[in-house]
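Residue numbering for the sequence shown follows the numbering used here, starting at 41 and increasing by one per position.
What follows is a set of notes on a single structure, which appears directly below.
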Amino acid sequence: MVLARPVMNNQGIALCAEGTPLTGDLIGRLTQMEVTGIWIGVKKKLSYQDYLDLRAILEKRFASVNDSNALLGKLKKVLLNRFGSTERVF
């Protein structure tokens with residue numbers, strides 16, 4: 041696992057860069073610095089079946105979304121695009 045975004049302190053100073061490997065030592069140091077949250081990036085190759093399963097779950101969750109709720113419609117599109125850009129093996 042790697043950091044998906046830089047870790048910043050409350051003064052806006054970067055403590056760790058995006059892409060930094062997340063190790064036990066780093067987690068300990070960030071905890072001591074009272075960092076309360078981080079973004080984690082995981083590279084996982086999805087099989088075609090995994091991709092179809094994730095898409096089916098998303099479609100089911102958003103089944104009740106109609107044109108009257110533009111915000112949820114946009115969220116659905118963002119998530120579908122994210123799945124589409126995920127590194128995967130078919």
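Here a beta-carbon is modelled for each residue, glycine too, at the ideal position from N, C-alpha and C.
Query: In angstroms with no decimal places, state the Cα-to-Cα distance between P61 and S108.; Result: 43 Å
Query: Taking 8 Å as the limit between beta carbons, can you name the residues of its chain near A54, skipping five residues before and five after?; Result: P46, V47 and M48
Query: For G81, list the residues DSSP reports as bridge partners.; Result: V42
Query: So V105 packs on L98, CB below 8 Å; how close in whole Å?; Result: Rounded, the Cβ-Cβ distance is 11 Å, inconsistent with contact.
Query: Should L92 be labelled buried (16 or more other beta-carbon atoms within 10 Å of its own) or exposed?; Result: exposed
Query: Relative to the C-alpha of A57, which candidate in V42, G68 and T71 has its C-alpha closest?; Result: V42
Query: From L119 to R95, what does the alpha carbon distance come to, in whole angstroms?; Result: 9 Å
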